[in-house]
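Report on one structure; see the data block that follows.
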Amino acid sequence: MSQATFRRVVLKLSGESFGGGSVGVDPDVVQAVARQIAAGVAAGVQVAVVVGGGNFFRGAELQRRGMDRARADYMGMLGTVMNCLALQDFLEKEGVDTRVQTAIAMAQVAEAYLPLRAIRHLEKGRVVIFGAGAGMPYFSTDTVAAQRALEIGAQEVLVSKNGVDAVYTADPRTDPDAQRLDDITFDEALKRELMVVDQAAFSLCKDNSLPMRVFGADDDGNLRRAIVGDPIGTLIHAAQD
């Protein structure tokens, strides 16, 4: 890929989507995701992925049921690794070389997270999947996606959503007056309290002028379209961009 067309992105996928609405991994869903990522890689895009673990565990919910928050978050991190391994398997079945890097050491199944090694894999055309969150409790995978994107020099964070195709002024599923926003600054999103992702992720992107695109994953082909840079969903950017 020439410098003029160089593109590197971090794709954030929800764990709930991997479960197809239930606990565990739905192979058909993960296979469909892998095929779209493979199509993006075939177009010459360098793709890194952050996957949530909500189809197995969600630390905040376990805390509300009486579990220690830090321990619950570590359980959630392990859930993300299971999703990473599932995605790796289906990507390699699509002929895409893939590496899983985790923030918690587990050498039998994944590499340790090293930004320079991740960049080298991407330069070689491999997909890199980041697992185990930040390796610390109290950090969401939204924040991790922004952090990893900054560390590996990605040009955009792509946030895939289920049930909604963009950012709206309110929840379009419950408010018929909700207006779709195709372009908005981080300052405007924070002012309007549009909680698309957590505020830490917003702040990281805002402070470092890292664009974020929020789009719906329900339509077939949207993951590939977002990866290759089609203007779908909502672009959130710093005020000066």
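Heads up: the sequence shown runs through residues 1 to 241, numbered per full-length UniProt numbering.
Ideal Cβ placement from N, Cα and C applies to all residues, glycine included.
In this text, all values refer to a predicted model and were calculated from it rather than measured experimentally.
Query - Nearest-angstrom Cβ-Cβ length linking residue 96 and residue 127, presumed shorter than 8 Å - result: Contact annotation, residue 96 with residue 127: C-beta distance approximately 6 Å; criterion of less than 8 Å satisfied.
Report task. Would you mind reading off the limits of the beta strand (DSSP E) that contains residue 9? Result -> Residue 9 -> beta strand (DSSP E) spans 8-13.
Report task. Assess, as a yes-or-no matter, whether the stretch 179-199 is touched by the stretch 161-170 under the definition of 3 or more beta carbon pairs within less than 8 Å. Result -> Two segments are said to touch when three or more pairs of C-beta atoms, one from each, lie closer than 8 Å; by this definition the stretch 161-170 touches the stretch 179-199.
Report task. Sort 42, 22, 17 and 184 by Cα distance to residue 227 and report the nearest one. Result -> Cα-wise, what sits closest to residue 227 is 42.
Query - Reduced DSSP category for residue 104 - H, G, I as helix; E, B as strand; rest coil - result: In the structure shown, residue 104 sits in coil (DSSP, three-state: anything other than H, G, I, E or B).
Query raised in the report: My guess is that residue 48 and residue 118 are in contact by the Cβ rule of under 8 Å, so how many angstroms apart are they, rounded?
Result: That pair is a contact at about 7 Å.
Report task. Measure the Cβ-Cβ separation of residue 185 and residue 236 and say whether it is below 9 Å. Result -> The answer is yes: Cβ separation under 9 Å.
Query - Counted within 10 angstroms of its Cβ, other Cβ atoms place residue 156 as buried (16 or more) or exposed - result: So residue 156 counts as buried.
Query raised in the report: The beta strand (DSSP E) spanning residue 210 covers which residue range?
Result: Here residue 210 belongs to no beta strand (DSSP E), and DSSP marks it neither H nor E.
Query - Which of helix, strand or coil DSSP assigns to residue 123 - result: Annotated three-state conformation of residue 123 is helix, per DSSP.
Query - residue 37 versus residue 147: straight-line alpha-carbon distance, rounded - result: Using only the alpha carbons, I get a separation of about 21 Å.
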